[in-house]
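FYI, in my numbering the residues of the sequence shown are 1 to 298. A short write-up of the structure that comes next.
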Amino acid sequence: MSDIVKTLTTFSQKFNQDLEKCFPAANGAENRVIEAMKYSVMNGGKRLRPYLLCECASLFGVPYETAFPAAASLEMLHSYSLIHDDLPAMDNDDLRRGKPTCHKQFDEATAILAGDGLLTYAFEYLSNALEIRPEIRLALTQLLSGAAGAFGGMVSGQTLDLYAVSAGNKVEDEKIIARLEEMKTGRLLRYACEAGAVLGKAPLEQRRILVSYSRKIGQAFQIADDILDREGDQQLVGKTLHKDDAQNKFTFVAYYGIEAARHKAKELVESAVAEIGAFGSQAENLQALAHYIVERKY
Ligand code: GRG
Numbered sequence: 001m002s003d004i005v006k007t008l009t010t011f012s013q014k015f016n017q018d019l020e021k022c023f024p025a026a027n028g029a030e031n032r033v034i035e036a037m038k039y040s041v042m043n044g045g046k047r048l049r050p051y052l053l054c055e056c057a058s059l060f061g062v063p064y065e066t067a068f069p070a071a072a073s074l075e076m077l078h079s080y081s082l083i084h085d086d087l088p089a090m091d092n093d094d095l096r097r098g099k100p101t102c103h104k105q106f107d108e109a110t111a112i113l114a115g116d117g118l119l120t121y122a123f124e125y126l127s128n129a130l131e132i133r134p135e136i137r138l139a140l141t142q143l144l145s146g147a148a149g150a151f152g153g154m155v156s157g158q159t160l161d162l163y164a165v166s167a168g169n170k171v172e173d174e175k176i177i178a179r180l181e182e183m184k185t186g187r188l189l190r191y192a193c194e195a196g197a198v199l200g201k202a203p204l205e206q207r208r209i210l211v212s213y214s215r216k217i218g219q220a221f222q223i224a225d226d227i228l229d230r231e232g233d234q235q236l237v238g239k240t241l242h243k244d245d246a247q248n249k250f251t252f253v254a255y256y257g258i259e260a261a262r263h264k265a266k267e268l269v270e271s272a273v274a275e276i277g278a279f280g281s282q283a284e285n286l287q288a289l290a291h292y293i294v295e296r297k298y
């Protein structure tokens, strides 16, 4: 196991224990939706976004305990997006993180409600986090809602993913793919890094470096995801593969082929690693994470 995988595993173990405690027990029939929320959040994600957030915050001396509510709310929101993405009306998938998707385990209505519950609880949890100063909580809420929403955020990206059509020429199509991926995948990864800077009241230049790093690893992450869809081991990836081609998805891999995509991902990682090097030895984990993002098997 590489050092970064060990670090990520240790982080996830602690993070998972803390995350589980965020969900109070409920009584009565409404407990069903809370069970579905917990089922989807606690079912073995890599926890990349919370790790990135806590690691970026630690560059500015912010302890894990202070960063945790921001990291937890981000993972809740990410899990909502996966539940809704898997629904029959969207990607229609039976498998997520190696287990039945939420609507398969429960039912479609419960899965829609579980997604809604996680999205709203993410903001409830963050806004109540007394570990974070009120003005920083507000700044994080503004950033997270923008990253997740319909005005250039994840919801816009998902809409493009479902409805974008080819412009009929390479240059325009490349722009569509870049916008789609930046919004659908990139904005939450960018939020993870930027939230670290906001928590740490980072100077503008350092925040700019983190945003630029996040955009590069975000693109590389998406390319790696598309390559896994083509070439991955379904057992390891934990979701149904070969769907991008079957659904004629607008992806960099579909457009340029796997070798060009691999080359582009490598270039992006090298550039991200060099850029984050501005933080010196403190950035070693973030550099290793950039490599892990494209080398991962799931
Ligand atoms: C429904 C509004 C809405 C948005 C859905 C998340 C998403 C947008 C689509 C999922 C489709 C997809 C494969 C996107 C690629 C990037 C991505 C979000 C992969 C899953 O993230 P990981 O690999 O997952 O970090 P884990 O399970 O490890 O948390």
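Quick reminder that beta carbons are idealized off the backbone N, C-alpha and C, glycines included.
Three-state secondary structure assigned by DSSP to residue i
i	result
residue 203	coil
residue 104	helix
residue 249	coil
residue 99	strand
residue 45	coil
residue 159	helix
residue 21	coil
residue 240	coil
residue 147	helix
residue 221	helix
residue 5	helix
residue 127	helix
residue 300	In the structure displayed, the chain extends from 1 to 298; residue 300 sits before or after that span and is not available.
residue 58	helix
residue 87	coil
residue 63	coil
residue 298	coil
residue 196	helix
residue 208	helix
residue 273	helix
Backbone CA spacing between residue i and residue j [nearest angstrom]
i	j	result
residue 210	residue 287	12 angstroms
residue 87	residue 110	11 angstroms
residue 247	residue 254	11 angstroms
residue 54	residue 214	14 angstroms
residue 268	residue 219	8 angstroms
residue 143	residue 273	25 angstroms
residue 212	residue 145	20 angstroms
residue 140	residue 190	12 angstroms
residue 100	residue 82	12 angstroms
residue 165	residue 180	11 angstroms
residue 59	residue 200	8 angstroms
residue 217	residue 168	28 angstroms
residue 297	residue 244	17 angstroms
residue 50	residue 138	19 angstroms
residue 195	residue 27	34 angstroms
residue 12	residue 123	22 angstroms
residue 89	residue 163	13 angstroms
residue 102	residue 156	23 angstroms
residue 238	residue 232	10 angstroms
Closest residue to residue i among the options (Cα-Cα distance)
i	options	result
residue 270	26, 279, 290 and 255	290
residue 171	98, 256, 154 and 199	256
residue 20	34, 136 and 215	34
residue 92	84, 190 and 54	84
residue 161	185, 151, 207 and 264	185
residue 295	285, 266 and 282	266
residue 153	98, 77 and 89	77
residue 306	57, 17 and 24	Outside the shown range of the chain, which is 1 to 298, sits residue 306, and nothing can be said about it.
residue 104	112, 94, 98 and 113	94
residue 75	231, 220, 52 and 61	52
residue 264	137, 12 and 221	221
residue 262	240, 244, 284 and 293	293
residue 304	37, 64 and 182	Outside the modelled stretch of the chain, which goes from 1 to 298, sits residue 304, for which no answer is possible.
residue 8	285, 298 and 250	285
residue 235	29, 96, 49 and 48	96
residue 17	151, 149 and 47	47
residue 151	182, 127, 136 and 121	182
Cutoff 6 angstroms; reference residue i; Cβ partners in own chain excluding five residues on either side
i	result
residue 158	184
residue 187	147, 153 and 154
residue 207	197
residue 240	93 and 95
residue 251	226 and 244
residue 106	36
Own chain, CB closer than 7 angstroms to residue i, minus 5 neighbours either side, in chain order
i	result
residue 316	For the chain, the structure presents residues 1 to 298; residue 316 sits outside this window and is missing.
residue 22	72 and 125
residue 61	200
residue 202	60
Beta-carbon proximity list for residue i, same chain, < 8 angstroms, skipping 5 on both sides
i	result
residue 116	80
residue 230	241, 242, 244, 245, 253 and 258
is_contact[residue i, chain C] using C-beta, thresh 8 angstroms
i	result
residue 123	Chain labels in this structure do not include chain C; a single protein chain is all it has.
Any 3 or more C-beta pairs closer than 8 angstroms across the region 63–79 and the region 122–135: yes
Could you say if the region 174–181 and the region 43–59 meet the contact criterion of at least three C-beta pairs nearer than 8 angstroms? Judged by Cβ distances under 8 angstroms, the region 174–181 makes no contact with the region 43–59, as fewer than three pairs qualify.
Would you check if there are 3 or more beta carbon pairs closer than 8 angstroms linking the region 223–237 to the region 270–283? no
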